[in-house]
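Numbering (our numbering), first residue to last: 38 to 130.
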């Protein structure tokens, strides 16, 4: 009986975002994930940990269900990005 993986792979996360009309990106220099709208590349959001409200920095930081929650939250914020104030890409909080 094969064991079920506890974590998702980066490719699976990217496929989930793509299937929902977005593009998931990881930036190694800053170590954060962002999600962009495939139709409007100016619209983007950070991927936020649903428990700590901090930016997600590693694939294994979250398990499967937590990643799905984080991606759904990012997708919802991305849909409302046109109404929100623009975000600044920086490591400052």
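Ideal Cβ placement from N, Cα and C applies to all residues, glycine included.
query	result
Entirely within the stretch 55–124 and at least 3 residues each: give me those beta strand (DSSP E) ranges in chain order.	59–64, 69–74, 81–83
Quick one: Cα of residue 45 to Cα of residue 100, how far?	7 Å
Taking all protein chains shown into account, decide if residue 47 is buried (16 or more other Cβ within 10 angstroms of its Cβ) or exposed.	exposed
Leaving out five residues before and five after residue 105 in sequence, what residues of the same chain have Cβ atoms less than 8 Å from its Cβ?	53
Leaving out the 5 sequence neighbours to the left and right, which residues in its chain are closer than 8 Å to residue 91 when beta-carbon positions are compared?	85
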